[in-house]
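Asker: Below: one structure in C-alpha cells.
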Amino acid sequence: MTINTTPDAPISNKLDEQVTYDPNHLLDSLIDKLHLKNDAALSRSLEVAPPVISKIRHRRLPVGASLLIRMHEVSDLTIRELRALMGDRREKFRISDKQFKPKSKIEAEKLK
Numbered sequence: 024m025t026i027n028t029t030p031d032a033p034i035s036n037k038l039d040e041q042v043t044y045d046p047n048h049l050l051d052s053l054i055d056k057l058h059l060k061n062d063a064a065l066s067r068s069l070e071v072a073p074p075v076i077s078k079i080r081h082r083r084l085p086v087g088a089s090l091l092i093r094m095h096e097v098s099d100l101t102i103r104e105l106r107a108l109m110g111d112r113r114e115k116f117r118i119s120d121k122q123f124k125p126k127s128k129i130e131a132e133k134l135k
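Under our numbering, read the sequence shown as residues 24 to 135, first letter to last.
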C-alpha cells in the first residue's frame with residue numbers, strides 16, 4: 024500500500040470521509056469519546072431513555088435539536104462537529120415561511 028505524500032494531495036480527516044447520514048457513527052463516536060461501554064451507558068449520560076438511543080440507531084427517530092444540544096454539553100464537541108459525525112453537511116437550515124405566519128380565523132377554528 025502506498026500513500027501519496029505530494030503537496031497537492033488532499034488532507035482528509037475522519038469527519039470529511041463520511042458523506043452519508045449515519046446516526047450510528049455519531050453514537051459510536053460519543054461512546055468512544057466519553058469512554059462508555061454501551062448504549063445504555065450513553066443513554067444515562069445523555070439523560071434519555073434507552074429506547075431513544077435504540078430508535079435513533081434503527082433510524083426510526085431523528086436526532087432532535089434538544090438531544091444534539093445535550094450531546095454537545097456532555098461531550099464538549101461543537102454542534103457542527105456532532106452534525107458532521109452523523110453526516111449532516113448542511114450549512115444552513117431553512118424553515119418554511121408558513122411556520123411563522125399567524126393562522127387565519129378559519130384555520131384556527133378548524134383546529135378547535
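Just so it is clear, CB atoms sit at the ideal spot from N, CA and C, and this is done for glycine as well.
Near residue 43, which residues of its chain fall below 7 Å by C-beta distance, leaving aside the five closest residues on each side in sequence?
Answerer: 110
Asker: In whole angstroms, what separates the C-alpha of residue 79 from that of residue 62?
Answerer: In a straight line, the C-alpha of residue 79 is about 11 Å away from that of residue 62.
Asker: Where does residue 45 fall in DSSP's three states?
Answerer: coil
Asker: In chain order, what residues of the same chain have a beta carbon less than 8 Å from the beta carbon of residue 95, not counting five sequence neighbours either side?
Answerer: 101, 102 and 105
Asker: Could you have a look at residue 65 and say whether DSSP puts it in helix, strand or coil?
Answerer: helix
Asker: Just the Cα atoms here: how many angstroms apart are residue 69 and residue 108?
Answerer: Rounded to the nearest whole angstrom, the C-alpha separation of residue 69 and residue 108 is 17 Å.
Asker: Count the other CB atoms within 10 Å of the CB of residue 46; is the residue buried (16 or more) or exposed (fewer)?
Answerer: Buried, since its Cβ has 16 or more Cβ neighbours within 10 Å.
Asker: Near residue 65, which residues of its chain fall below 8 Å by C-beta distance, leaving aside the five closest residues on each side in sequence?
Answerer: 50, 53, 54, 57, 59 and 76
Asker: Just the C-alpha distance for residue 143 and residue 73, rounded to the nearest angstrom, thanks.
Answerer: Past the boundaries of the shown model lies residue 143; the chain is included only from 24 to 135, so the question cannot be answered.
Asker: In whole angstroms, what is the alpha-carbon distance linking residue 97 and residue 88?
Answerer: 14 Å
Asker: Quick one: Cα of residue 83 to Cα of residue 99, how far?
Answerer: Cα to Cα, residue 83 sits roughly 26 Å from residue 99.
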